[in-house]
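Residue numbers (my numbering), protein chains in the order written: chain F, 100 to 292; chain W, 22 to 77.
Scroll down for the structure; my scribbles are underneath it.
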């Protein structure tokens with residue numbers, strides 16, 4: 100009787116399937132949390148794909164695609180998806196805690212320091228200036244995102260309508276989002292080619 | 022309902038509405054925190070938002 104055919108293992112893969120422990124998962128994401136001030140995703144990608152090789156680039160892209168489609172913060176979804184893939188629920192918890200531990204501690208620490216000095220006039224003036232800058236940055240981002248809509252009057256109307264509902268009428272997002280999503284899709288589908 | 026439970030409900034709801042970037046729920050967050058629950062003033066919220074941006 101002939102031997103059953105052997106599955107051929109591609110060279111450089113699968114010989115060592117990644118098998119991180121719960122501690123590995125925590126440690127990996129802890130470092131990402133420490134480094135990733137203002138944008139964790141590039142750091143997470145580097146750690147997962149290049150340094151620890153838990154996923155191939157294609158697997159990572161696929162997982163990120165799924166996580167962007169789901170509600171919730173993208174990177175949170177990635178930690179949970181990756182953790183549960185290797186170590187089930189405890190893996191997911193380890194990844195999430197690892198990612199959050201350092202930033203949460205830093206933000207709470209800074210908040211405590213801020214509360215000490217919040218009433219100094221100089222500090223207060225500094226925060227007025229910072230708030231203005233932050234608001235302006237948000238406006239600039241919005242302008243950049245909206246600029247491809249130029250030359251599409253209906254799309255501009257949808258954007259204006261959304262602005263009116265959220266910023267002027269201040270309707271709850273729970274009510275506004277389904278209305279705007281369905282309404283705008285129907286309008287653009289019906290009248291714009 | 023105590024404040025912790027309220028925080029969990031308010032932010033859990035926002036998380037479900039959060040598709041794409043976190044900036045999309047900033048107006049809703051401001052509405053909930055300032056107008057609905059009066060947890061802080063609009064100025065304080067702006068300051069908090071500025072500090073978040075400053076980390077970038």
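Each residue gets a CB set at the ideal place from its N, CA and C atoms; glycine is no exception.
Exclusion of the five residues before and after residue 124 of chain F leaves 182, 185, 186, 190, 193, 194, 197 as the residues of its chain whose Cβ lies within less than 7 Å of its Cβ. Listed along chain W are 38, each with a C-beta nearer than 7 Å to that of residue 276 of chain F. Assignment of residue 184 of chain F by DSSP, reduced to helix, strand and coil, places it in the helix class. The beta carbons of residue 266 of chain F and residue 48 of chain W sit about 7 Å from each other, so the pair counts as a contact at 8 Å. Between residue 201 of chain F and residue 257 of chain F, the C-beta spacing is not below 8 Å. Contact between residue 46 of chain W and residue 272 of chain F holds: CB atoms are separated by about 7 Å, below the 8 Å threshold.
Neighbours of residue 273 of chain F in chain W, taken as residues whose beta carbon is under 8 Å from its own, are 34, 38 in chain order. Residues of chain F whose Cβ lies closer than 8 Å to the Cβ of residue 44 of chain W are, in chain order, 237, 240.
A contact between stretches requires three or more CB pairs, one per stretch, nearer than 8 Å, and the region 48–60 of chain W fails this requirement with the region 211–222 of chain F.
Assignment of residue 152 of chain F by DSSP, reduced to helix, strand and coil, places it in the coil class. Straight-line measurement puts the Cα of residue 50 of chain W at about 23 Å from the Cα of residue 177 of chain F. Residue nearest to residue 70 of chain W within the set F:230, F:278, F:260 is F:230 (criterion: CA-CA distance). For residue 67 of chain W, the nearest beta carbon of chain F is closer than 8 Å to its own beta carbon.
In this structure the region 163–171 of chain F lies against the region 25–39 of chain W, because at least three pairs of beta carbons, one per stretch, are closer than 8 Å. By the neighbour-count definition (other C-beta atoms within 10 Å, threshold 16), residue 154 of chain F is a buried residue. The distance from the Cβ of residue 226 of chain F to that of residue 68 of chain W is about 4 Å, consistent with a contact at the 8 Å cut-off. Taking C-beta atoms as the reference points, residue 159 of chain F and residue 147 of chain F count as a pair closer than 8 Å.
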